[in-house]
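In order, the protein sequences belong to chains B and L.
Using this note's numbering, read the first sequence as starting at 5 and increasing by one per residue.
Using this note's numbering, read the second sequence as starting at 5 and increasing by one per residue.
Protein chains: 2
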Amino acid sequence: MKTCKLNQFLLLSLAFSSANLAYVAPAYAQLQNVIERQQLQQHPNLVNSFADIVSMRNAINHPGRFQTAFLNRQATVDKALEQPINVPFPKDAGGGYTHEVHKNNYRLMYEAGILFQITQQAKYAEFVKNILFEYAKLYPKLDLHPEVKSNNPGKLFWQGLNEAVWLVHTIQAYDYVYEFLSVDDRQIIEQGVLEPVALFLSEQSPQTFDKIHNHGTWATCAVGMTGYVLNKPDWVEKALYGLDKSGTGGFMRQLDELFSPNGYYNEGPYYQRYALMPFVTFAKAIQNNQPERQIFEYRDQILLKAINTTAQLSYNGLFFPINDAIKSKGIDTIELVHGIAIAYGISGDTGLLDIAKQQDKVILTGDGLKVASALDKELQTDYQFVTQAFGDGADGTEGAFVVLRSDSRNTASVATIKATSQGLGHGHFDKLGLSFYDKGAEILTDYGAARFLNVVAKFGGRYLPENDSYAQQTIAHNTLVVDQSSHFNGNTKVGNQHHPKVNLFANTENVKLVSASIDTAYSGIKLARTIALVTVADENIDWVVDLFKVTSLKQHQFDLAYHYDGDFIESNFKYKPNTEQLKPLGDNNGYQHLWLTAKGQPELNQPISQLTWLNQNGRFYTLSTVNHKNLEFLFTQTGANDPNFNLREDKAFIFRVNGQSAHQFVSILEAHGEYNPSKEFTLNSKSSIQSIRYEQQNNINLIYVKREDMSEFVIAYQNQLTKPQPFEINGKQYMLNHSAELFKIN
Amino acid sequence: MKTCKLNQFLLLSLAFSSANLAYVAPAYAQLQNVIERQQLQQHPNLVNSFADIVSMRNAINHPGRFQTAFLNRQATVDKALEQPINVPFPKDAGGGYTHEVHKNNYRLMYEAGILFQITQQAKYAEFVKNILFEYAKLYPKLDLHPEVKSNNPGKLFWQGLNEAVWLVHTIQAYDYVYEFLSVDDRQIIEQGVLEPVALFLSEQSPQTFDKIHNHGTWATCAVGMTGYVLNKPDWVEKALYGLDKSGTGGFMRQLDELFSPNGYYNEGPYYQRYALMPFVTFAKAIQNNQPERQIFEYRDQILLKAINTTAQLSYNGLFFPINDAIKSKGIDTIELVHGIAIAYGISGDTGLLDIAKQQDKVILTGDGLKVASALDKELQTDYQFVTQAFGDGADGTEGAFVVLRSDSRNTASVATIKATSQGLGHGHFDKLGLSFYDKGAEILTDYGAARFLNVVAKFGGRYLPENDSYAQQTIAHNTLVVDQSSHFNGNTKVGNQHHPKVNLFANTENVKLVSASIDTAYSGIKLARTIALVTVADENIDWVVDLFKVTSLKQHQFDLAYHYDGDFIESNFKYKPNTEQLKPLGDNNGYQHLWLTAKGQPELNQPISQLTWLNQNGRFYTLSTVNHKNLEFLFTQTGANDPNFNLREDKAFIFRVNGQSAHQFVSILEAHGEYNPSKEFTLNSKSSIQSIRYEQQNNINLIYVKREDMSEFVIAYQNQLTKPQPFEINGKQYMLNHSAELFKIN
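What follows is the structure, encoded as structure tokens:
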């Protein structure tokens, strides 16, 4: 009888796969389960459906990316399985021992689960079962974690967030081994740990579960998927529509509110990629279990837009590091690997394969297999990075994060302008902040977050005190500070109530331009900035034009900062360096962290002041600004009042105007030349710009740029251009046909 | 008759190549020359023989690396040839306009010359002819260059060195087009420019031509090759044996003296790769013209050793940046591309192909073709980086540059110890200096040179004043400074007269060790350092053990500096940070450039003091040193007294002992853990080392290392071990069988 059943199983196996059968030897009762399960096809059915499993079982027998990834993963997991099971009593905060062990456990369960499905080797299921037995013993004993710091506490972990992530992985692992387990096994595990964790994350943590925030997304994802696996439709409903099922909380409301219509996430790309994971994971599970919900169609395909926008918000593989961002995070982050795979599975867009190829990671899912097979066939086409204003807010009207790109490559010249809303607690006070990227490198920099993720010695791996005292402050960004105080006085709540207005966005061949303004960052003061990326290869033009206008009724001090990466080369004005002593530039709002390294005034017999630096990418950058008698230049560098050496080197030029009620800074950053010490040549290390002048003709703004070779250009733009507008230069008539255009006038 | 000759030519062409004949249309007289030349096979015959040309003509018709390189080169040169010929009157220094134009001209002539040979298209020869006509007109008018700064003046260039490089390229170009030119053309060019330049470089610049120095090598190479092409055997003799042909100067003496027996070049790898070019170029020309000289066999194949040593003196593609070095220079430098190609042409060593593959550059020479074809066939094998003491000086006894490697990969753990002689004017005062590299990155750093090569705004692109005042000074290096003064009082002449002694070099499986000492760096003071690279993968051991002993009869201040790259993480002792004000650490000898950022004392209730940092490579590094009541720790950073912001950020820990006549610093640098913000985990951010102790038993040195997990190890070593030596620990007997060994004692 046993033999007969075994043969039946083997035949079924052969029908589904040609995996190595020598390894297949589960015990009888489990075999019975497996057979029923294959007939009913109920498990697994979260991110991977049973059809996905069948495809993967087949794919591992054919050479290619997927087989390679599978074999690597199997080797890693096999080695890990040699270690004894370790489910320690929770003790440590992020980065600490028990924290890392529990993180490792859920990863390992997840991977062992999928390996069980693909290989049908009992050892993987046994491992998941045994470790879950340990959790089922441990969990009922737990109170809140001893290191709880946030208002989203956990039990296994110091944060409920980690607890939710644990369940997101663990419920998938459980789903994979479900059919392997006896009814008694299931009862022990479900009652001992899965249900209690799900209840802890939902009923017992309503403040997080119903919150429209990425912590809420993880929680709803975890609980909703648990609802599918444990056949509790009520949990799925709560996950989708909130604990009271009214729709005021829950996953659907998160989909409505956390992304703008074009898929921008309020906290910026660093948190966007993190938030993405539970969104795409739960959505895929919904799609597999309840396709009638058409979750990927919801809100005009908002999830696909969010995935695509996450990829768009990157430069040379790394995310734009606005707000609290770890700067080394990029498109190869595992969350986006899942996102791209799922998006490709739905859309078949071959441009996504280009991103997948750069990610160079194959995941063991049905969509991962589709991506791997397509890359094996080299089906990828160039991903098109675009110039776009990513509207912020649920309806896309709360300002925008604007990305101006010279072309579609990921190493093109790119200016970004942060005219977004605050971005909640991880938001920085950097309204109208500018960043610039060129030839693969960050040129005008954003500090990102002050944090050593999970390094216990550095403030427990959490955000450092200097994140508040420096990284979030306005002076740490490339924007304007009034009277040495930060936007909204550095108050997040106030910041959350306001956002800049985007007045003009133009995308023409040679000029990509945005104008934005805000009058709430400082009481009674209006800030307005226009940034234009102007590129003409034939003319050697690679400029960022920057007009920053500040107006007030009272006199103030205005500081416009430019943080740069590179070696200072020269200025065209004299400055007084502080060679024998350094002192901080101020007492608070970030100024206390800046050493003042030099100070200078413009030479007023010259039309512009210029500062040149050389980036590691081998290109020179010159910042030229129109001179003014009230202008002075400060050179600064981080390091003051940093007793634990928590801050990185961050150098800046600050353009300062004092005792004025208004000022217009008119500047151009020019990318030029090449420094090639390997091939031993240097080209065009001097800026080509000789003068800059700004004027208005009626409603048309004109920026004149004259170069050393006497060629002269005008960038013209106008808000709300409804029909072509004429303007005149030196008696000659010109016509502005688009909102922003470049004219060669000499 | 014309038709007949043309047919004859075509037939000959077909015999030698299947190049695209549609392009072949030289004028009649030139055809006649070409035909004669192909029969006589006298030109070209410098780096490329005519047989090489024939191979290349064939190779460009077959897809592969060579064809690709050829087509790229041709496209570039074709574009350049569209520009008008430009031979300006010399005016600018390095990096300036006329300097770069003349550099570009010789490159272009060289490339057009070889393209003429390969394609047989007249336009390339025409170009070389026309530009040489211009030089023939210009050169007789020239006095010394107006910007002459060095004692090796030029006419076309500010330095005679550049003039020699110009001729090295130009004589090859002339050789390529020789047969194309009429007798009259040749006379104009040879008399107008080639002969005058050769005479200027030899007879008229005896101080350089006869100098045993890389400037002399370029000059002899240029003049010698000109001798071959212009059939002036006398010039060849002078190039080989000096102006008086006595052998006291010239190329052969340079071969005898500039390299040590294992191919180390006195000035270090940065200048070694530069010096290599004329050596291998001239040698190849000698080989082709006078194979009977067996130049590549000379001095036990010294040139092949020099080429190989240049590759060995690199880490992760970049040269060890000792002495005046531009740090971005690496094995892909064009000089080493030529070197590797020539070495491969002679030896057929497939390990060299591994280097060539990393270089990713194909040169249009016969040897370049051999390399390209071999790479097309994937014949490369792993290049073996080795642990080696590269003896310095003509007989290899003037100290050594010692490279200790954990394994043969180019990203292994590597410690280098600079126990070399001074290295002439580009040498730094860094006797017994240590550098450490790991996981692809520089961990204990060498500043290299303070220079922005060819950037006119930065001191004309020359070595900056800070090169003398900081980069060359002892405190800028990872070695010991007595009384805040540099080795040899910073006097190069004195430095040139002395060198350290290497007392022990051991290369065993787990311990690579060197002991070296010098008693002339400071009067009456002996410095002795032992560095051991200890690696045991199974035990998670990745250590650099560092014993620095200084002894004197009088009391002094001893500063042992460690310059590091990375973010400071923590110390296990308290320090007082200078948060509100920074001041320079000293007044001169490099100290004036260091801001003192913090100061601390060891906690004497602990056995060791520890300092941990995190490198960009994602690994933690902890420097542990045995405590002592007189010890203090200074944290420093460059930037003081640097009015032009010429210095890079360079951070250091300085271990200081004051008022002692002797001290032994006993320290270990441990590489540990992983910081992975992309995958969001951090492992082993804390050092595993708990205590370190040093003792001597008879002549055996023992360094005890106890770890947090209570495991304990001893590194034992003895100078001049002639037979196994016993020693005892806790009553247990051990035997030292090799000069240096690791023992696990607990």
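Think of the CB as a built atom: it goes at the ideal place given N, C-alpha and C, for glycine as much as any other residue.
Predicted model only: the values in this text are computed from it and were never measured.
### Proximity winner among 617/L, 498/L, 276/L, 631/L, relative to residue 608/L (alpha-carbon distances)
Per the Cα distances, 631/L.
#### Entry: Contacts around residue 167/B, its chain only, beta-carbon distance under 6 angstroms, and the 5 residues preceding and following it disregarded
158, 160, 161.
### Terminal residues of the beta strand (DSSP E) in which residue 639/B lies
Per DSSP, residue 639/B belongs to the beta strand (DSSP E) from 635-642.
### Query
Interface residues of chain B around residue 337/L at Cβ under 8 angstroms?
Neighbours of residue 337/L on chain B, chain order: 682.
### Task
Reducing DSSP to helix, strand and coil, say where residue 617/B ends up.
In the structure shown, residue 617/B sits in a strand (DSSP, three-state: E or B).
### Task
Would you mind stating whether residue 618/B and residue 573/B have Cβ atoms separated by less than 7 angstroms?
Less than 7 angstroms divides the Cβ of residue 618/B from the Cβ of residue 573/B.
### Query
For a contact meaning CB atoms closer than 7 angstroms, what does residue 689/L contact in chain B?
459, 460, 461
### Query
Using the C-alpha atoms, what's the distance from residue 294/B back to residue 45/B?
With a pLDDT of 44 at residue 45/B, under the threshold of 50, the predicted position of this residue should be treated as unreliable, though the coordinate-derived value follows. The alpha-carbon atoms of residue 45/B and residue 294/B are separated by roughly 14 angstroms.
### Query
For the segment 579-599 of chain L, which residues have a CB atom closer than 8 angstroms to at least one CB atom of chain B, in sequence order?
581, 583, 584, 585, 586, 587, 588, 599
### Task
Return the CA-CA distance between residue 57/L and residue 239/L, expressed in angstroms with no decimal places.
Distance between the alpha carbons of residue 57/L and residue 239/L: 26 angstroms.
### Query
Is the beta carbon of residue 226/B sitting closer than 7 angstroms to the one on residue 172/B?
yes
### Message
Threshold first: 4 residues or longer. Then list the alpha helix (DSSP H) segments lying entirely within the segment 130-209 of chain B, N to C.
### Response
The DSSP assignment places complete alpha helix (DSSP H) segments of no fewer than 4 residues inside the segment 130-209 of chain B at 164-181, 187-193, 199-205, in order along the chain.
### Query
Are the segment 485-492 of chain L and the segment 553-566 of chain L touching, with three or more C-beta to C-beta distances below 8 angstroms?
yes
### Query
Measuring CB to CB, does residue 575/B end up less than 7 angstroms from residue 400/B?
no
### Query
Which value, in whole angstroms, describes the spacing of the CA atoms of residue 47/B and residue 110/B?
19 angstroms
### Message
For the pair the segment 711-728 of chain B and the segment 510-522 of chain B, tell me if three or more CB-CB distances fall below 8 angstroms.
### Response
Contact between the segment 711-728 of chain B and the segment 510-522 of chain B is present: 3 or more CB-CB pairs across the two stretches fall below 8 angstroms.
### Message
Tell me the residue span of the beta strand (DSSP E) that contains residue 662/L.
### Response
655-676
### Task
Would you list the one or two residues that DSSP bridges to residue 739/L?
730/L
### Query
Name the chain L residues that come within less than 7 angstroms of residue 647/B, Cβ to Cβ?
581, 583
### Close-in-space but distant-in-sequence residues of the same chain around residue 308/L (CB under 6 angstroms, 5 per side omitted)
347
#### Entry: Cβ pair residue 151/B, residue 223/B closer than 7 angstroms
no
### Inside the segment 447-510 of chain B only - beta strand (DSSP E) runs reaching at least 3 residues
Counting only runs of 3 or more, we get 484-486.
### Cross-chain neighbours of residue 333/B in chain L, by beta carbon under 7 angstroms
681, 682
### Task
Starting from the C-beta of residue 364/L, find all residues in its chain whose C-beta is less than 6 angstroms away, skip the five residues before and the five after it, and write them out in chain order.
none
### Query
In three-state DSSP terms, what is residue 217/L?
Per DSSP, reduced to three states, the secondary structure at residue 217/L is coil, with no helix or strand assignment.
### Task
Would you kindly work out how many angstroms separate the C-alpha atoms of residue 286/B and residue 279/B, rounded to a whole number?
12 angstroms
### Task
Determine the DSSP secondary structure at residue 716/B, reduced to helix, strand or coil.
strand
### Query
Contact check, residue 453/L vs residue 328/L under 8 angstroms by CB: the rounded distance?
That belief holds up - the Cβ atoms of residue 453/L and residue 328/L are roughly 4 angstroms apart, short of 8 angstroms.
### Task
Report the neighbours of residue 572/B on chain L: residues whose CB is nearer than 9 angstroms to its CB, in chain order.
648, 649, 650
### Query
Cβ of residue 326/L less than 7 angstroms from any chain B Cβ?
Answer no: the Cβ-Cβ gap between residue 326/L and chain B never drops below 7 angstroms.
### Limits of the beta strand (DSSP E) - the one that residue 558/L falls within
545-568
### Message
Determine, for residue 686/B, whether the minimum Cβ-Cβ distance to residues of chain L falls below 7 angstroms.
### Response
With 7 angstroms as the cut-off, residue 686/B counts as an interface residue toward chain L.
### Query
At least one CB of chain B closer than 7 angstroms to the CB of residue 479/L: is that the case?
no
### Paired residues, beta bridge with residue 351/B - DSSP
Residue 351/B pairs with nothing; no bridge assigned.
### Task
Just the chain L side, please: which residues come within less than 8 angstroms of residue 616/B by C-beta, in chain order?
461
### Message
Beta-carbon within less than 6 angstroms of residue 102/L's beta-carbon, same chain only, minus the 5 sequence neighbours each way: which residues are those?
### Response
92, 94, 95, 96
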